[in-house]
Amino acid sequence: MLGLYVHIPFCSAICNYCNFNRGLFDPALKQRYVPALLDEITRAGDGSAADTIFFGGGTPSLLEPAEIGAIIARLRDSFALTADAEVTLEANPETVTPERLSGFLEAGVTRLSYGVQSLRDAELGRLSRLHSAARARLAVGEARAAGFTNLSLDLMMWLPEQTVAQWVESVDGLIALEPDHASLYILELYPNAPLRETMSRSRWSLAPDDDAADMYLAAMERLDRAGYGQYEISNVSRPGRASRHNLKYWTEGEWLGFGCGAHSTRHGVRWKNVSGTEDYIAAVAQQGRLRVEERVLSAQMQLEEALFTRMRLAEGVSLADVGNRFGVDIWARYGPSLQRFMDAGMDLLIYDGDRLRLTRSGMLLANEIVAVFIEPPMR
Ligand code: SF4
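Whatever position you read off the sequence shown (first residue = 1), add 13 for our numbering.
Encoded structure:
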C-alpha cells in the first residue's frame, strides 16, 4: 500500500528555529499552488492502492477546508484509496476555528496533528510561535467537539532556558489533554537559525547536554504511566493509534510525495521534487520535469536503510527477516561491531537471537549505534 504525502509550504510567520521548506502565506500564490498540486496528482495517478494521506508543511491548516477536500478527492480519483484510509492534517493551533475544524472533518481528514511545541507561554514566545498555551488547549477541545477521534500533539524539548521541571510541566499538560498520539522532539538548531542570534542577544542559554537525556527519560516514564505505548524513538500512542503513514518511512514502505520539495520512494527509486514554490508551479504548468534529485537505491543501500530505520522502532528489527530478504547473515556481519553496546554496564542494546532493539537509554544514542550499519562491515 502506498502512502501519499502532500506538501503545503505556507506559514503565517516563520518560526526562528525552522529549517523546513516553507515561506510566508501569500493568498495569490496559494491560488496558483493548489491547482498545480491537483495537476501533479492527476499526472502521477495510476490507480495503485494507497491507505494513507499526510498533509505536511509548512502549515497545511492554512488551506481552506474546500481546498483540502479537493485535494483528497483528486487523490481518491487517481489512486485506489482504502475505505479506512488514515488522512492526517498537520495544523497549528492559531489557524483553527470550530467551523474550519468541522470543514476539515467533512473534507475527509481523519487525523489531526497539532504543532503545540510547549505548554508554557514563555517558551512559546522564545520560539516565536504565534499561539499561547491556552490557545493550544482550546484547539484540542475544539477538535474533540468537532468530532476528531484521532488527535496527535507535538512537543519540543531542550529549549533555550528550559529546565527539566519546566519541560515536565508541558509533558504533564499534554497528558492532561489526553491526545491519542504524541511526538516529542529535541530542538535542533541549524547553523544560521535566527534563534541563535536571538539567544546570544538575549543571553539565553541552551539547557545543559545532560538535561536532554533527563528530559527524554522523564517524559517517556510519565507517558508510560499514563498508558501510552512508545513505538518509535520520538513517538508514543494509545493502542492502535500509531501513525500508519509515518510507519511507512520506518518499515521500507513506499510513498509518493506531491508539492514543492516533496520526497518519494517507489520501486527502489528515491526522488525529490523541485523545492521552490514558484519553480514547482512553473514546472507543472509546462508539464516539465519536477524531479531534481533521483537515485536508484542499491541492494546495499536498501539493507542499510532497513536496519537503520527499523532500529528506530521500539520493537526493533528481526535480523532473520531482513537477512533473508537481502541474503545476508546480519549478525555475522555487524555483530562484532554491535557487541560493545551490549557489554556489561552498557544497557543500550538487546539481542535475543533474532530481534535486535535499542533500550530506552540506547535510544538516546541511536545515531551512534546505528552508524555501525553504514560503517564498512567487519571481516
Ligand atoms: S509553523 Fe512549522 S513549518 Fe511553519 S515556520 Fe513554524 S516550524 Fe516552520
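Beta carbons are placed, not taken as given, at the ideal position from N, Cα and C, and that holds for glycine. Source: prediction; values computed, not measured.
Range covered by the alpha helix (DSSP H) that runs through residue i
i, result
"MET233", "222 to 238"
"TRP180", "177 to 189"
"PHE117", "111 to 120"
"THR322", "312 to 323"
"PHE339", "332 to 339"
"HIS258", "257 to 263"
"THR290", "290 to 298"
"GLY138", "134 to 139"
"TRP344", "343 to 351"
"ALA152", "146 to 159"
"LEU378", "Note, LEU378: premise wrong, no alpha helix (DSSP H); not H, not E."
"MET212", "207 to 215"
Span of the beta strand (DSSP E), counted from its first residue to its last, around residue i
i, result
"VAL129", "124 to 130"
"ASP167", "164 to 170"
"GLU306", "304 to 309"
"TYR198", "194 to 199"
Spatially closest choice to residue i from the options, by CA coordinates
i, options, result
"ARG45", "GLU267, ILE21 and ALA62", "ILE21"
"ARG308", "ASN286, ILE294 and GLN299", "ASN286"
"MET14", "PRO106, ALA255, GLU99 and VAL335", "GLU99"
"PRO192", "ASN163, TRP171 and TYR198", "ASN163"
"HIS194", "ASP134, GLY128, GLU155 and ALA178", "GLY128"
"ARG251", "ASN205, SER218 and ILE188", "ILE188"
"LEU166", "VAL177, LEU125 and ALA147", "LEU125"
"CYS31", "MET355, MET169 and VAL305", "MET169"
"GLY70", "MET359, ILE294 and THR290", "THR290"
"GLN243", "LEU371, THR108 and ILE66", "LEU371"
"VAL153", "ILE54, PRO106 and ARG302", "PRO106"
"LEU75", "SER91, ARG113, LEU88 and PRO173", "ARG113"
"PRO40", "LEU51, ASN34, ALA49 and PHE23", "PHE23"
"THR108", "PRO78, ALA135, THR95 and GLY240", "PRO78"
"LEU378", "ARG346, PHE321 and ASP185", "PHE321"
"MET47", "ALA83, SER256, GLU306 and PHE67", "Residue identity check: residue 47 is Val in the sequence provided, not Met. The residue with the shortest Cα to Cα distance from VAL47 is ALA83."
"LYS43", "TYR293, ASP342 and ALA147", "TYR293"
"ALA93", "ALA345, LEU172 and ALA63", "ALA63"
"SER25", "VAL122, ASP224, THR65 and ARG142", "ARG142"
"ARG238", "ALA96, ALA159 and ASP185", "ASP185"
"ARG302", "TRP284, ALA232 and ALA135", "TRP284"
"TYR229", "GLY375, ILE66, ILE54 and ALA333", "GLY375"
Neighbour-count burial assignment, residue i, 16 or more Cβ in a 10 Å radius
i, result
"ASP59", "exposed"
"ARG254", "buried"
"ILE382", "buried"
"ASN248", "buried"
"ASN380", "exposed"
"ARG392", "Below a pLDDT of 50, predicted positions are generally treated as unreliable, and ARG392, at 49, falls in that range; the measurement from the model is reported next regardless. Flag for ARG392 reads exposed."
"THR110", "exposed"
"SER215", "exposed"
"PHE117", "buried"
"GLY266", "buried"
"SER196", "buried"
"PRO73", "buried"
"THR278", "buried"
"GLY16", "buried"
"LEU37", "exposed"
"ASN259", "buried"
"THR264", "exposed"
"ILE296", "Residue identity differs from the one stated: residue 296 is Ala in this sequence, not Ile. ALA296 comes out buried."
"LEU338", "The residue asked about is misnamed: residue 338 is Arg in this sequence, not Leu. Exposed: under 16 other Cβ atoms inside 10 Å."
"PHE386", "buried"
"GLY329", "buried"
"GLU103", "buried"
"HIS280", "exposed"
"GLY274", "buried"
"CYS28", "buried"
Identified DSSP bridge partners for residue i
i, result
"ILE8", "There is simply no residue 8 to check, as the chain begins at 14 and stops at 392 in what is shown."
"CYS24", "LEU37"
"THR278", "TRP268 and ARG283"
"GLU245", "ASN248 and LEU326"
"TYR364", "LEU369"
"ALA93", "ALA62"
Any non-hydrogen atom of the ligand SAH within 8 Å of residue i CB
i, result
"PRO221", "Of the ligands one can find in the structure shown, namely the ligand SF4, none is the ligand SAH."
Any residue whose CB is nearer than 6 Å to a heavy atom belonging to the ligand SF4, listed in chain order | CYS24, ILE27, CYS28, CYS31, PHE33, ARG35, GLY70, GLY71, THR72, ASN105 and GLY128
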